[in-house]
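K.L.:
This is how it looks when you write it as structure tokens:
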């Protein structure tokens, strides 16, 4: 199953037979005080740096979140979408919990975006899916509802099924435009959550064959040596069926681990991308040395 | 299922509910010309360095291979076993293709060793399993026979079944003392071999529930950035059911990746070993800085 995203000039395909899709998480003011202050003043210069660093790091899609208290998030989203699309032709993932922000962002976006996200709550489904349909976008579905973020992988799969049923049945959104988030929780709070995420991925793959994405940085939250945890969890999740992640594209350790997973799972024929990246790195190092 | 190895004073348990067992691969003259020359002269001083480096790196068992052309391998194995057991109380894995070397090594060994290895060939089974039984050792079984190293995971499982049947049925070796090697081949020669190894691991776990080990360095042979490939493949294999590997215990990147896998698969309760290792590292770095 292929989820095809696009900008004005570029297409990215997410699928179980494709190289893993690295979605850069960085254009997000959560926990970044200075960035929030800049955004409140309408200063988007930080976004330019975040774009450049993530493109250099190997991002294939960029998540854009403008969630800033006391700011006009819809206006910021429109400005950010226009700015980022002027800087790169990578497709974007528009990330907000506010319907109007998603709507404004989708209207400003050129191409087919990924919407982050809808839950299995009736109200959210009814508000967000018509937007997704109208703009011809794809959407990330989170398997939680009004009552719970389920612990049990089978319950997550049920809620994912609800999202898929409503999106395809009621709104005519093709199943390949639905990307399910199996939910990755912080391992530091509960060391059983990693296994549950992996089980959810395997079940979702078996039952629906859909594409999946999760916030890879969540897993290591609050733990030391986060990059090593991320670099170990991603290959496990990819082997189980994860096809993309919203992740730190600036971390060579984490990005290289998913590129290694591509080689090891035969998504990098003859390892040619792996070898080419190594040669480019060597050439760069040599140039830096002269 | 628990495979319990021991030295005179220490026990190591391999199992699906245990931290991953790191078997240090380094005491092996293959491809080490200087080491081979030293061994031919009866000089085992290099072994002392290899032991120290691997213990420092986090090895839990040490593989000992004395395969040196034009040398008395049995005598070297006896000397190496005695030397290594005087230097560390880690259990050992005695590694040779020659029956007499294994016999001599097992006779000299104090504790319960792991024998590396037996294949599914009738002649090898008949020669090695009586030794394993007599010395009360555990044994690594390689699922290849006279005709082939099978490509097909199901055929590997059949040959593993043959080894298990003969060892348990004819020689009374308990199944928990049989550690199956799912066979990890170089990805550089054929990018489909990684998937086949992972499939074999999953099938072996489902069918027999046995412990498993493989030579982790094989996978990345001939490829650039080998440690990153190893650090990505091990977590995948561990999630599928691998419980130990003969690996480069001197590489912090690879060892940390299996420790991360322990945390992520709930084999490191509360992440306490992970956090303790991080603190020890910090303390060491601080000391180095002062």
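Chains as they are written, first to last, in my numbering: chain A, 3 to 292; chain B, 3 to 292.
All C-beta atoms, glycine included, are put in the ideal place defined by N, C-alpha and C.
What you are looking at is a predicted structure, and each value in this text was computed from that prediction instead of being measured.
Please report whether the beta-carbon of residue 206(A) lies at a distance below 7 angstroms from any beta-carbon of chain D.
P.N.:
Absence of chain D from the displayed structure is noted, the protein chains being A and B.
K.L.:
Under 8 angstroms by Cβ, that's how I've got residue 30(B) and residue 65(B) pegged, so tell me the actual separation to the nearest angstrom.
P.N.:
That belief holds up - the Cβ atoms of residue 30(B) and residue 65(B) are roughly 7 angstroms apart, short of 8 angstroms.
K.L.:
Looking at the C-beta of residue 214(B), does it have a partner C-beta in chain A at a distance below 7 angstroms?
P.N.:
no
K.L.:
Tell me whether residue 220(A) sits in a helix, a strand or coil according to DSSP, three-state version.
P.N.:
In this structure, DSSP gives residue 220(A) a helical state, which the three-state scheme calls helix.
K.L.:
Cutting at 8 angstroms between CB atoms, please list the residues of its own chain near residue 216(A), excluding the five before and the five after it.
P.N.:
183, 184, 185, 186, 199, 239, 244, 247 and 248
K.L.:
Residue 97(A) versus chain B: which residues are under 7 angstroms apart at the beta carbon?
P.N.:
Within 7 angstroms Cβ-Cβ: nothing; residue 97(A) doesn't reach chain B, min ~25 angstroms.
K.L.:
Could you tell me the distance, in whole angstroms, from the CA atom of residue 25(B) to the CA atom of residue 117(B)?
P.N.:
Each residue's Cα considered, the two are about 12 angstroms apart.
K.L.:
Could you list the residues in the segment 113 to 144 of chain A with a C-beta less than 9 angstroms from some C-beta on chain B, going in chain order?
P.N.:
none
K.L.:
Along chain A, in chain order, which residues have C-beta atoms closer than 8 angstroms to that of residue 244(B)?
P.N.:
Within 8 angstroms Cβ-Cβ: nothing; residue 244(B) doesn't reach chain A, min ~12 angstroms.
K.L.:
Alpha carbon to alpha carbon, what distance is there between residue 8(A) and residue 16(A)?
P.N.:
Pairing residue 16(A) with residue 8(A), the inter-Cα distance amounts to about 11 angstroms.
K.L.:
Going by beta carbon distance, what residues of the same chain come within less than 7 angstroms of residue 203(A), once the five residues before and after it are set aside?
P.N.:
Cβ within range, chain order: 184, 214, 239, 242, 243 and 244.
K.L.:
Please say whether residue 162(A) and residue 176(A) have beta carbons closer to each other than 7 angstroms?
P.N.:
Their beta carbons are not under 7 angstroms apart, which means residue 176(A) does not touch residue 162(A) by this criterion.
K.L.:
I'd like to confirm the pairing. Which residues does DSSP put opposite residue 32(A) in its beta bridges?
P.N.:
Under DSSP, residue 32(A) takes part in no beta bridge, so it has no partner.
K.L.:
Report yes if the C-beta distance between residue 262(A) and residue 108(B) is below 7 angstroms; otherwise report no.
P.N.:
no
K.L.:
Does DSSP put residue 79(A) in a helix, a strand or coil?
P.N.:
Three-state result, residue 79(A): helix.
K.L.:
If you drop the 5 nearest sequence neighbours on each side, which residues of the same chain put their C-beta closer than 8 angstroms to that of residue 60(A)?
P.N.:
Closer than 8 angstroms at the Cβ level, and outside the excluded window around residue 60(A), lie 24, 251, 257 and 261.
K.L.:
Pick out the complete beta strand (DSSP E) segments inside the segment 172 to 237 of chain B, 3 residues or longer, and give them in chain order.
P.N.:
Counting only runs of 3 or more, we get 180 to 182 and 213 to 217.
K.L.:
Closest Cβ-Cβ distance between residue 237(B) and chain A: below 7 angstroms?
P.N.:
yes
K.L.:
When the Cβ atoms of the segment 157 to 173 of chain B are set against those of the segment 116 to 132 of chain B, are three or more pairs found closer than 8 angstroms?
P.N.:
yes
K.L.:
Output, in sequence order along the chain, the residues in the segment 275 to 286 of chain A whose CB is closer than 9 angstroms to any CB in chain B.
P.N.:
276, 277, 279, 280, 281, 283 and 284
K.L.:
For the beta strand (DSSP E) that contains residue 119(A), what are its first and last residues?
P.N.:
116 to 121
K.L.:
State whether the segment 81 to 95 of chain B contacts the segment 273 to 291 of chain B, with contact taken as three or more CB pairs (one from each stretch) at a distance under 8 angstroms.
P.N.:
no
K.L.:
Please determine if the segment 188 to 197 of chain B and the segment 262 to 271 of chain A are in contact, where contact requires at least 3 C-beta pairs separated by less than 8 angstroms.
P.N.:
yes
K.L.:
Could you list the residues in the segment 141 to 170 of chain A with a C-beta less than 7 angstroms from some C-beta on chain B, going in chain order?
P.N.:
none
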